[in-house]
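Chains as they are written, first to last, in this note's numbering: chain A, 1 to 192; chain B, 193 to 529.
Backbone N, C-alpha and C fix where the C-beta goes; we use that ideal spot for every residue, glycine too.
Only a predicted model underlies this, so the values are computations on that prediction, with no experimental measurement involved.
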C-alpha cells in the first residue's frame, strides 16, 4: 500500500513485557505525571474579578468616528455594506441641508446606519473598505440580550460621542499599511 | 459505658456523613488541581459551602420515578446502599481510647471476635443495593450497570478475602482490635504483606466501584449505570454512599495494613495514656485522609478498564497471586515463629 502521508506509523502487535503486563510501573509513572500537574500553576482566570486582556487590535463592536471638529465622517457611500460578507450593514443616505455643516463632514450623510450584530462576523472588511476612515472596530464586545432587536445597532449606539474626552481611541487599529496609505496625497482630505 | 457507646455511634455517624459530604468537594477540588484548574471556589471562601449547596440542590430536585419501576425495590435500593455503607464503621477501632475517671474507653463501637468476617458480610450485602436499584429502574442501562456491579464485586470479594487471610494468619485473630494491637508502634503489617496490600488495595477500588474499576456507572457507555433513573435525594444517597464507602475502606486499609491508630514512638514516656489516645485517633484520620487522596489521585490518573480486562485481572491474575501470597505467608510463619 502506498502511504498517503509520511506520518503513517507501523503498528506492531508485539507481546507486552512482564513489566508492562504488571501495569504497576506504568500506573506509578502516570501518577507522578498527574502529581506534577497538581502543583503546577493553574491556567484558570477567575473571571469576574480578573478579566483576560484583549489584544490591542481586537475586532469587537464597531464605532462610527467623528472628525476633529465633531462632524460625522461617514458619507453613506455604501462601500462598507458592499464589502460586508455577512450583509449585516444597512444604510439610508440623506443630503446635507445648509446649516448642518457642523454635523456632517460631507454633503451626503447616513440618515440611518444599522449593523445587525447577530449577522456581523467581525471580519473588519467594512473598516478596510471605508474611504473616509469613518468605521472602525473597537475592543468593546457586543453585550448579550434576550431579544433579537437589541442586536441591531443604530446610529444612536454606533456613532461616538462628540465630546472630545469621550472619543474612542482607534490609533491601535491603524496598522502600518493604513498609516502608509494615509500619506497618499489623494487621501489628504482624511487627515484631520 | 452504654452512654459512651451511644455517643461514639452518633459521632461516628455524623463524622462519616460530614466526611462524605466534604469528600465530594475535595474530589472536585482535587480533580481540578490535577487538570490545572481550581475546582469549585465560589460558594463561600474557597468553596467551603459547595457541599451544602449541592445537597440543597439535590433536595429541591424533582423526585422522579419511572412509571414501570418496582416502587418498593426502587426505594429500597439507595436505602440499602446507604445503610450498608454505614454499617462497617461499627467494627473499626478509631483510636486507642482515653482513660476518664478510672475507666478506659476504647474507641470502637463493637469489638466482635469475627470482625473481619462481619465486614465481609456487610460489604457483600452492599452489592444488593446496586443490584436492586438497577433492576427496579426498569431501564436497560441500569440493568447492565447492575449486572456489571454484581459480577465485579463478587469476583473481587474473593480475592479480597484471600489477601486478608494472610493478615488473619499472622495475627491469629479475626477481631480488628487484635489486628490493630498486634501492629503496635511501627510494626505495621505493610512491612510483612506488601503484596497482600497491593491486592487488597486493588480489590478495595473494585469493591467501591471507583475508577479504574467504575464500570457499573461509567458515563460514556451506560449513562450512569445503575443510577441512571434516580434523581433527587435517592441519587444523592447513591453518590453519598460511594463516598462513605471510600472513607470506610480507607479506614479499613489503614487498620489492616498501616497500623490503624498506631504510630512510631507511641511508647515514649513523655506521652500520657490520654495523649496517645488523642494523637492515635488523629494519626488514623491522617492515614485515612491519605488513602482518600489516593482514591482520587488514581481516579484522575487512570483510564477505565475494559470489562474483559477487569475479569481477566480479577480471576486470572489477582487470585493466583493472592493464593501464592497466602502460601508464602504460611511458610514465613512456619519458619520464623
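The Cβ of residue 494/B sits closer than 8 Å to at least one Cβ of chain A. For residue 455/B, the closest of 373/B, 486/B, 487/B, 320/B by C-alpha to C-alpha distance is 373/B.
Under the 10 Å beta carbon count, residue 419/B is surrounded by 16 or more other beta carbons and is classified as buried.
For the C-beta of residue 27/A, the chain B residues within less than 7 Å are, from N- to C-terminus, 494. The CB of residue 40/A comes closer than 7 Å to the CB of 228 in chain B, given here in chain order. Close partners of residue 34/A in chain B (Cβ separation under 7 Å): 226, 489, 492, 493. Rounded to the nearest angstrom, the gap between the Cα atoms of residue 45/A and residue 408/B is 36 Å.
Taking C-beta atoms as the reference points, residue 378/B and residue 211/B fail to come closer than 8 Å. In the displayed model, residue 48/A falls within coil according to three-state DSSP, outside both helix and strand. At the C-beta level, residue 181/A and residue 65/A stay beyond 8 Å of one another. In the structure shown, residue 93/A adopts extended strand secondary structure according to DSSP, grouped into three states. Contact between residue 352/B and residue 392/B holds, since their C-beta atoms are separated by about 6 Å, short of 8 Å. Annotation: residue 102/A has no Cβ neighbours in chain B at a cutoff of 8 Å; minimum Cβ distance is about 52 Å. By the C-beta density criterion, residue 47/A is exposed, having fewer than 16 other C-beta atoms within 10 angstroms. Here residue 232/B is buried, its C-beta having at least 16 other C-beta atoms within 10 Å.
Ranked by Cα distance from residue 322/B, the first of 230/B, 399/B, 217/B is 399/B.
Taken in chain order, the complete alpha helix (DSSP H) segments of 4 residues or longer contained in the region 235-309 of chain B are 242-252, 263-279. Here residue 127/A is buried: its Cβ has 16 or more other Cβ atoms, across all protein chains shown, within 10 Å.
Nearest CB-CB separation between residue 31/A and chain B: below the 8 Å threshold. Going by beta carbons, residue 445/B and residue 396/B fall inside the 8 Å limit. Spanning the alpha carbons of residue 54/A and residue 177/A requires a straight line of approximately 22 Å.
Residue 380/B has its alpha-carbon roughly 15 Å from the corresponding atom of residue 285/B.
In the DSSP assignment, residue 482/B falls outside any beta strand (DSSP E) and within the unbroken alpha helix (DSSP H) covering 465-491. As a beta-bridge residue in DSSP terms, residue 116/A pairs with 152/A. By the Cβ-count criterion, residue 273/B is buried, with 16 or more other Cβ atoms from all chains shown falling within 10 Å of its own Cβ. Rounded to whole angstroms, the separation of the alpha carbons of residue 278/B and residue 517/B is 31 Å. Per DSSP, the beta-bridge partners of residue 135/A are 64/A.
Bridge partners of residue 108/A according to DSSP: 95/A. Contact between residue 520/B and residue 405/B does not hold, since the beta-carbon distance rounds to 26 Å and is not under 8 Å. When DSSP states are grouped into helix, strand and coil, residue 177/A belongs to the helix group. The C-beta separation of residue 402/B from residue 348/B comes to about 12 Å, leaving the pair out of contact by the 8 Å criterion.
In the structure shown, residue 11/A falls within a coil segment according to DSSP collapsed to helix, strand and coil. Rounded to whole angstroms, residue 99/A and residue 163/A show a C-alpha spacing of 20 Å.
The shortest CA-to-CA distance from residue 465/B to any of 345/B, 298/B, 367/B is the one to 298/B. For the options 149/A, 5/A, 26/A, the alpha carbon positioned closest to that of residue 494/B is the one of 26/A. For residue 37/A, the neighbours in chain B by C-beta distance under 8 Å run, in chain order, 225, 226, 227, 228.
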